[in-house]
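Chemist: Take this structure, written in structure tokens, and hold onto it; I'll ask about it next.
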Amino acid sequence: MIPRVIIQYWDQDETPEDINSLLKSWQDMNPFYGYKCFCFRDAKKFIKEYYSQEVLDAFLKCRLPAMRSDFFRVAYLLEYGGVYIDAGTACWSNIDSLLGDSDKLVVVKKWHGGICNGFVASPPGNPVLSLIFDRIVNNIQSQVSNDIWRVTGPGVFNEVKELCEDRLLKILTQSECQNYFSFVNDLSHKKSNHWSKRQEFESIFASSNSDDGLQNIIKHTNLFHLGPHKTATTSFQNLLESNEDYLKEIGFSLLTVRSSNKEEYKEWRNRYTREIQGYLLGRREKEELIHNISKLFLELKNSYTSEHHKLIVSDENLLGPMTGHPFAKGQGRDWTFYSAYPAVFSSLRSVFFEGDLKVMMCKRKPSEFVTSSYKDMVKKSSHPEDFLSFYEKLLPDFVVRMNELFNSIQDDFEVIDFPKFVKHMPNVFLELMGIDLKSKRKVMVNQSMSWQAIELYRQLACSLKTDEDRKALLSALSTLRGAGSVELNNTLATIKSQLDFMPH
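Count the sequence shown with the working numbering and you get residues 411 to 914, in order.
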């Protein structure tokens, strides 16, 4: 008998609103069924636990989400059994009577006569499903076609159906299913970047790192270094820029605001920044933002990458404006910690897939982030009240949001501790990308003020009237490293403890 468990798949961690309502329809109409919607990370862990390295490698070779969904549904049902339904499907009624007591592989024949794989139900270990899975794995390993329908999709089900005995299969017609569920076509993800269009101009297979020679050492994949702000990003960019010619020789384009492609990149980043700021100012919904910046990331990908040429981007501003600092000519401030980050990560994951993307970020103590931010406030702010209110406005959402961000990415992004990053930048890059940079000289810039200097500036801020006054005080405070008074030290200790030990 088929286990009463419903399985669905959505490649990204977060599902869009139109998909959420469809997923919920299956849970609402089938309350006595177990339910799980897997994302890419969940699926990868499942396959790694239950299948061989060879099978996992085949899964990771699937470059487009549709392929991974095709692969995973068969892998799960073969191991555990249950009912798999595409995320873009609406449920109208409980499916118990549709399944009955069948112990066969249950599939649906569409109006044109072909078998689809959008609804698949099976007991564990079904021999037809096993044959389908073997063929999918072989198709990927052999790269038999650049057509997902044929490699992992319904084409495989239709091929195997012709080889199987009817006693092992139960084929439902689409008309038999119409009172139970229907496939929905008017969905946002089907209107742009659909797999059927993408496979016309790009490979459906993730590039291999097993080329001969140098590529055995270098991890030939795209890298996005996203900072965040106040984590020695400019120093790291200086290091990469001093090695730009070498990176180009070994197949990498470098994009920073000072690299050789700086003019084109700045124009692209201006358009990107308008999208992020529009969202933060409430002028765009999250789904619109994801759609728009996914198109921008795809533009970068198409302009600078190929099977043998990858991209290194280092830009902390891709996460959004720095916490607490004005943006869009003073129209807004983000007082938490990069409110747009879920949309940024979701877009990157949709355009650059596992095996073709590394994302690197540094994690720094909240108190250190604040001290470094204060130095910028001293240098740039013409309004003392901005400086005086900066720390108070950050708590408590800032620390909570910072922890949420890093907790959400630790499984599949590279998170580097700030002290290690600052001390060993070339070695960190070597570990991450397998690239031993020719020039290892790093220049540290924009070092933070001391806590004593910050507190003294807070006390004196209202008495400063001109830019010259601020510059003179900044110059003096930048050299302050003394212990200060007992009262001052107690104040600073309290601030630091609030920031660094705030509950997650």
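Here a beta-carbon is modelled for each residue, glycine too, at the ideal position from N, C-alpha and C.
None of the values given here were measured: they were computed from a predicted structure.
Taking the CB atoms as reference points, tell me whether residue 460 and residue 489 lie closer together than 9 Å.
Modeler: Locating residue 460 in the sequence shown gives position 50, where the first residue counts as 1. Locating residue 489 in the sequence shown gives position 79, where the first residue counts as 1. Cβ atoms of residue 460 and residue 489: closer than 9 Å.
Chemist: Below 9 Å between beta carbons: does that hold for residue 415 and residue 492?
Modeler: For the purposes of this step, residue 415 is identified with residue 5 of the sequence shown, where counting begins at 1. For the purposes of this step, residue 492 is identified with residue 82 of the sequence shown, where counting begins at 1. Yes.
Chemist: By alpha-carbon positions, which one of 505, 653 and 454 ends up nearest to residue 589?
Modeler: In the sequence shown, residue 589 corresponds to position 179, counting from 1. Of 505, 653 and 454, the residue nearest in Cα terms is 505.
Chemist: Going by the beta-carbon positions, is the gap between residue 848 and residue 656 smaller than 9 Å?
Modeler: Along the sequence shown, read from residue 1 onward, the residue named residue 848 stands at position 438. Along the sequence shown, read from residue 1 onward, the residue named residue 656 stands at position 246. Yes, they are a contact pair.
Chemist: List the whole-angstrom C-beta distance separating residue 773 from residue 828, where the pair is believed to meet the contact cut-off of C-beta under 8 Å.
Modeler: For the purposes of this step, residue 773 is identified with residue 363 of the sequence shown, where counting begins at 1. For the purposes of this step, residue 828 is identified with residue 418 of the sequence shown, where counting begins at 1. Separation of the CB atoms of residue 773 and residue 828 is rounded to 6 Å, and the pair is thereby assigned contact status at 8 Å.
Chemist: Quick one: what's got a C-beta closer than 8 Å to residue 545's C-beta in the same chain, skipping five residues either side?
Modeler: Residue numbering aside, residue 545 sits at position 135 when the sequence shown is read from its first letter. Around residue 545: 566, 569 and 570.
Chemist: I'd like the list of long-range same chain contacts for residue 752, defined as Cβ closer than 7 Å, with 5 residues on each side in sequence excluded.
Modeler: Residue mapping note: residue 752 aligns to position 342 of the sequence shown, counting from 1. Closer than 7 Å at Cβ, skipping near neighbours: 424.
Chemist: Taking 9 Å as the threshold (C-beta atoms), are residue 678 and residue 706 in contact?
Modeler: For this step, residue 706 is matched to residue 296 along the sequence shown. For this step, residue 678 is matched to residue 268 along the sequence shown. Yes, Cβ-Cβ distance for residue 706 and residue 678 is below 9 Å.
Chemist: First and last residue of the beta strand (DSSP E) that includes residue 591?
Modeler: As a working note, residue 591 is residue 181 in the sequence shown. Run containing residue 591: 591 to 593, per the beta strand (DSSP E) assignment.
Chemist: Give the secondary structure of residue 954 by DSSP, where H, G and I count as helix, E and B as strand, and everything else as coil.
Modeler: Past the edges of the chain, shown from 411 to 914, lies residue 954, and the structure says nothing about it.
Chemist: Are there 16 or more other CB atoms within 10 angstroms of the CB of residue 741, so buried, or fewer, so exposed?
Modeler: The residue labelled residue 741 in the question sits at position 331 within the sequence shown. Counting Cβ neighbours within 10 Å, residue 741 comes out exposed, since fewer than 16 surround it.
Chemist: Can you tell me where the beta strand (DSSP E) with residue 662 in it begins and where it stops?
Modeler: One-based indexing of the sequence shown puts residue 662 at position 252. Looking at the DSSP string, the run of the beta strand (DSSP E) that includes residue 662 is 662 to 665.
Chemist: The alpha helix (DSSP H) that contains residue 934, what's its start and end?
Modeler: The structure shown has nothing for residue 934, since the chain only spans 411 to 914.
Chemist: Skipping 5 residues on each side, what residues in its chain have a beta carbon closer than 7 Å to that of residue 622?
Modeler: Locating residue 622 in the sequence shown gives position 212, where the first residue counts as 1. Low local confidence applies: a pLDDT of 32 at residue 622 is under 50, so the model's placement there is unreliable, with the coordinate-based value given in what follows. Nothing meets the Cβ criterion.
Chemist: Which of the three DSSP states is assigned to residue 622 in this structure?
Modeler: Residue mapping note: residue 622 aligns to position 212 of the sequence shown, counting from 1. Residue confidence for residue 622 is low, a pLDDT of 32 falling below 50, so the modelled location carries little weight; the figure read from the coordinates is stated next. In this structure, residue 622 counts as coil in the three-state DSSP scheme.
Chemist: Please report the distance separating the alpha-carbon of residue 608 from that of residue 697.
Modeler: The residue labelled residue 608 in the question sits at position 198 within the sequence shown. The residue labelled residue 697 in the question sits at position 287 within the sequence shown. Cα-Cα distance, rounded: 20 Å.
Chemist: Just tell me which of 722, 411 and 814 has its CA closest to the CA of residue 578.
Modeler: Indexing the sequence shown from 1 puts residue 578 at position 168. Residue 411 is the option with its Cα nearest to residue 578.
Chemist: By Cβ distance, which residues of its chain are closer than 7 Å to residue 503, with the 5 residues on each side in sequence left out?
Modeler: One-based indexing of the sequence shown puts residue 503 at position 93. 439, 589 and 590.
Chemist: Only counting the same chain, and skipping five residues up and downstream in sequence, which positions put a Cβ closer than 6 Å to that of residue 615?
Modeler: As a position in the sequence shown, residue 615 is number 205, starting the count at 1. Excluding positions up to five away in sequence, the list reads 471, 473 and 553.
Chemist: For residue 418, which of helix, strand or coil comes out of DSSP?
Modeler: Translated into the one-based positions of the sequence shown, residue 418 becomes position 8. The answer is strand: DSSP assigns residue 418 an E or B state.
Chemist: Counting contacts by CB-CB distance shorter than 9 Å, is residue 558 in contact with chain D?
Modeler: Here chain D cannot be found, since the structure has a single protein chain.
Chemist: So the alpha helix (DSSP H) residue 706 belongs to, where does it begin and stop?
Modeler: In the sequence shown, counting from the first residue as 1, residue 706 sits at position 296. Taken as a continuous stretch (DSSP letters only), the alpha helix (DSSP H) holding residue 706 covers 696 to 714.
Chemist: Give me the Cα-Cα distance between residue 759 and residue 631, rounded to the nearest whole angstrom.
Modeler: Here residue 759 refers to the residue found at position 349 when the sequence shown is read from its first residue. Here residue 631 refers to the residue found at position 221 when the sequence shown is read from its first residue. One C-alpha to the other measures close to 14 Å.
Chemist: For residue 512, which residues of its own chain have a beta-carbon under 8 Å away from its beta-carbon, when the five flanking residues on both sides are left out?
Modeler: Position 102 of the sequence shown holds residue 512. These residues qualify, in order along the chain: 411, 412, 531 and 580.
Chemist: Residue 722 by DSSP, collapsed to three states: which one?
Modeler: The residue you call residue 722 lines up with position 312 of the sequence shown. Residue 722: strand per DSSP, three-state reduction.
Chemist: Go through its chain and collect everything with a Cβ distance to residue 624's Cβ below 7 Å, but skip five positions before and after it.
Modeler: As a position in the sequence shown, residue 624 is number 214, starting the count at 1. With a pLDDT of only 35 at residue 624, under 50, the local geometry of the prediction cannot be trusted, and no value is derived from it.
Chemist: According to DSSP, simplified to helix, strand and coil, what is residue 477?
Modeler: The residue labelled residue 477 in the question sits at position 67 within the sequence shown. The answer is helix: DSSP assigns residue 477 an H, G or I state.
Chemist: Can you grab the Cα-Cα spacing for the pair residue 891 / residue 749, in whole Å?
Modeler: Mapped onto the sequence shown, residue 891 falls at position 481. Mapped onto the sequence shown, residue 749 falls at position 339. Bear in mind that a pLDDT of 48 at residue 891, under 50, signals an unreliable position, so the model cannot answer this.
Chemist: Just curious, the beta strand (DSSP E) that residue 501 is in, first and last residue?
Modeler: As a working mapping, residue 501 is identified with position 91 in the sequence shown. Run containing residue 501: 499 to 501, per the beta strand (DSSP E) assignment.
Chemist: Under a three-way DSSP split, which group does residue 744 fall into?
Modeler: As a position in the sequence shown, residue 744 is number 334, starting the count at 1. Three-state DSSP puts residue 744 in coil, outside helix and strand.
Chemist: Below 8 Å on the Cβ atoms is my guess for residue 486 versus residue 456; work out the distance and round it to an integer in Å.
Modeler: For the purposes of this step, residue 486 is taken as residue 76 along the sequence shown, with counting starting at 1. For the purposes of this step, residue 456 is taken as residue 46 along the sequence shown, with counting starting at 1. Confirmed, Cβ separation roughly 7 Å.
Chemist: Output the distance between the C-alpha atoms of residue 477 and residue 558, rounded to the nearest integer angstrom.
Modeler: In the sequence shown, counting from the first residue as 1, residue 477 sits at position 67. In the sequence shown, counting from the first residue as 1, residue 558 sits at position 148. The alpha-carbon of residue 477 is positioned some 6 Å away from that of residue 558.
Chemist: Return yes when the Cβ of residue 562 is within less than 9 Å of the Cβ of residue 518, no when it is not.
Modeler: Within the sequence shown, residue 518 is the residue found at index 108, counting from 1. Within the sequence shown, residue 562 is the residue found at index 152, counting from 1. Contact flag unset, no.
Chemist: Ignore the nearest five residues each way along the sequence and tell me which others in residue 433's own chain have a CB closer than 7 Å to its CB.
Modeler: Here residue 433 refers to the residue found at position 23 of the sequence shown. So the list reads 418, 425, 447 and 497, once near-sequence residues are dropped.
Chemist: So, under 8 Å CB-CB, residue 541 and residue 515 are touching, yes? Tell me the CB distance rounded to an integer number of Å.
Modeler: In the sequence shown, residue 541 corresponds to position 131, counting from 1. In the sequence shown, residue 515 corresponds to position 105, counting from 1. Rounded, the Cβ-Cβ distance is 10 Å, inconsistent with contact.
Chemist: Using the Cβ count rule (16 or more neighbours within 10 Å means buried), how would you classify residue 527?
Modeler: Taking the sequence shown and counting its residues from 1, the one referred to as residue 527 is at position 117. It counts as buried.
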